[in-house]
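Note sheet for the following structure.
Chains as they are written, first to last, in this note's numbering: chain A, 1 to 276; chain B, 1001 to 1276.
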């Protein structure tokens, strides 16, 4: 199954637009695990086990593993997700951006070594930095378009001589000439609902990955209203939350607390869509 | 010593603007090592040993290690470089781009785990995706500005409403408001000498990392004429070549062949500068 098919199927099966971001920080681990980088897998697996029937995707962020020499734990975590939740896709958040032979190596890392279903990429180097990944048929490639941080304005909100903003230019390319194989999606931050709506208008059928609700302060309801288009067109949104779920409680009830926050977030998203 | 100081000192000591890019591809390894990912360290170390008195920097590309689960070999390679060539800086080519806590993890990976002297970054997410790295005093951060691939035009050569091209906008920010701590440099591809000259004019004192001579076809002499400014101002250029040196010969004489190509490339660069 392709990433898009798994994603649609998980969204239906779990009635969810919620993606749990797996950003493990040992300093925030509960109880006896606190500060122990050897517990990254255990901690993330406890979150996966507690939430996998509530989500449409999991999104491990590779930096949190690489900083602790925990690549092996990341491999085993993704294998664990595929085992306990075979219907839930894994988006590896790595924001890679390079060309030619180097891009082929990154693609091998994401799709062969880690067995991810999708990967985040930076579009900064242009289409030939995207193209090598598309040879991995069925895998999803989710391009940075409009990010949720204040500094996102420095480049992405620059107005081009053509009249477009830079992020609109990216959305138009990703929805059109770059998307020959139907594998592309876009990252748009939840802190800018009006810009989610703009990207959705330019890219009506692309999956949108929307980080920034929860700890980063994005409004879940406004996010869904801006990105969701019901009816016949398949236009999924994947709304990602990390810290608000992972670190919902500092003690041994952390997994139950994570489940409760995930459930409430899923419900808030569905309510904004007019479901439940 | 800061990255800039080590770089200056290596350029003087070895009379060189040449950086050897370490992009190990086991399929291209010589003799009995061919196809053996366990020989990545041995292969790269043989190149380092054969060229370290001819270069101003080494630039390992992390994707070539990550695709083969060879992070441990990358750690040992960088330790090897620091041991045999303590005056030659290591630029980790990873083109990271993320914000806040995630950027802090990538910085820990590059500077604490791998002990690199400098790191390549993507500027796509803006200044707050650069700032966390600057807290690592003395480390160099080299931002993508104008890349050497044809697709680089898709975003970087877009004209802004202000009249600037996007890469000029980046060069201006990197030379000005973003460079409070003096740690920044810029990546500019060798395939566009006139654009190297433009970036040099906008960023007269920043180190420029220039990949693309050799296998990618950039002209070494034109590159140096465009980027080099002699006289009193410190404006180093770091001209990077990978495949043309690493795979100069397929047999057991590969290290001697790599040395010969590195020597010829160094000389061609120096000649263009008016030295030798």
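C-beta atoms are modelled at their ideal positions from N, C-alpha and C, and glycine is treated no differently.
Is residue i close to chain B? Criterion is C-beta to C-beta, closer than 8 Å.
i, result
"residue 150 of chain A", "yes"
"residue 195 of chain A", "no"
"residue 78 of chain A", "no"
"residue 233 of chain A", "Confidence at residue 233 of chain A is low in this model, with a pLDDT of 48, below 50, so its placement is unreliable and the value that follows should be read with caution. Chain B, which has no Cβ nearer than 8 Å to the Cβ of residue 233 of chain A, makes this no."
"residue 5 of chain A", "no"
"residue 64 of chain A", "yes"
"residue 67 of chain A", "yes"
"residue 41 of chain A", "no"
"residue 155 of chain A", "yes"
"residue 144 of chain A", "yes"
"residue 102 of chain A", "yes"
"residue 71 of chain A", "yes"
"residue 51 of chain A", "no"
"residue 205 of chain A", "no"
"residue 258 of chain A", "no"
State yes or no: is the beta carbon of residue i nearer than 8 Å to at least one beta carbon in chain A?
i, result
"residue 1191 of chain B", "no"
"residue 1099 of chain B", "yes"
"residue 1160 of chain B", "yes"
"residue 1095 of chain B", "yes"
"residue 1074 of chain B", "no"
"residue 1265 of chain B", "no"
"residue 1209 of chain B", "no"
"residue 1061 of chain B", "yes"
"residue 1223 of chain B", "no"
May I ask you to report which of helix, strand or coil DSSP gives residue i?
i, result
"residue 1069 of chain B", "coil"
"residue 277 of chain A", "The first residue shown for chain A is 1 and the last is 276, placing residue 277 of chain A beyond what the model contains."
"residue 1088 of chain B", "coil"
"residue 1208 of chain B", "strand"
"residue 1003 of chain B", "helix"
"residue 180 of chain A", "coil"
"residue 56 of chain A", "coil"
"residue 1159 of chain B", "strand"
"residue 1170 of chain B", "helix"
"residue 120 of chain A", "strand"
"residue 1016 of chain B", "coil"
"residue 9 of chain A", "helix"
"residue 1146 of chain B", "strand"
"residue 238 of chain A", "strand"
"residue 1284 of chain B", "A question about residue 1284 of chain B goes unanswered here, because the residues of chain B that appear run from 1001 up to 1276."
"residue 1232 of chain B", "Low confidence applies here, because residue 1232 of chain B scores a pLDDT of 43, under 50, leaving its location unreliable; read the following figure in that light. DSSP places residue 1232 of chain B in coil when its eight states are reduced to three."
"residue 76 of chain A", "helix"
"residue 135 of chain A", "coil"
"residue 34 of chain A", "coil"
"residue 42 of chain A", "helix"
"residue 185 of chain A", "strand"
"residue 1081 of chain B", "helix"
Do the CB positions of residue i and residue j come within less than 8 Å of each other?
i, j, result
"residue 117 of chain A", "residue 140 of chain A", "yes"
"residue 1243 of chain B", "residue 1214 of chain B", "yes"
"residue 1110 of chain B", "residue 1119 of chain B", "yes"
"residue 227 of chain A", "residue 245 of chain A", "no"
"residue 959 of chain B", "residue 1163 of chain B", "Because chain B spans 1001 through 1276 in this model, residue 959 of chain B falls outside it and cannot be assessed."
"residue 1238 of chain B", "residue 1057 of chain B", "yes"
"residue 1063 of chain B", "residue 61 of chain A", "no"
"residue 85 of chain A", "residue 136 of chain A", "no"
"residue 1192 of chain B", "residue 1146 of chain B", "yes"
"residue 241 of chain A", "residue 265 of chain A", "yes"
"residue 1041 of chain B", "residue 1083 of chain B", "no"
"residue 81 of chain A", "residue 55 of chain A", "no"
"residue 1259 of chain B", "residue 1013 of chain B", "no"
"residue 148 of chain A", "residue 87 of chain A", "no"
"residue 93 of chain A", "residue 129 of chain A", "no"
"residue 123 of chain A", "residue 100 of chain A", "no"
"residue 1031 of chain B", "residue 1252 of chain B", "yes"
"residue 204 of chain A", "residue 174 of chain A", "no"
"residue 272 of chain A", "residue 224 of chain A", "yes"
Following a CB-centred definition, is residue i positioned closer than 7 Å to any heavy atom of the ligand NAD?
i, result
"residue 1124 of chain B", "Judged by which ligands are present, the structure shown has none, so any question about the ligand NAD falls away."
Anything in the region 120 to 135 of chain A with a Cβ closer than 7 Å to a Cβ of chain B? List those residues in chain order, please.
122, 123, 124, 125, 126, 127, 128, 129
According to a CB-to-CB cut-off of less than 7 Å, which residues of the region 1105 to 1117 of chain B neighbour chain A?
1105, 1106, 1108, 1109, 1113
Looking at chain B, which residues of the region 16 to 35 of chain A have a Cβ within less than 8 Å of any of its Cβ atoms?
23, 25
Using Cβ-Cβ distances below 8 Å, what residues of the region 164 to 180 of chain A are close to chain B?
166, 169, 170, 173
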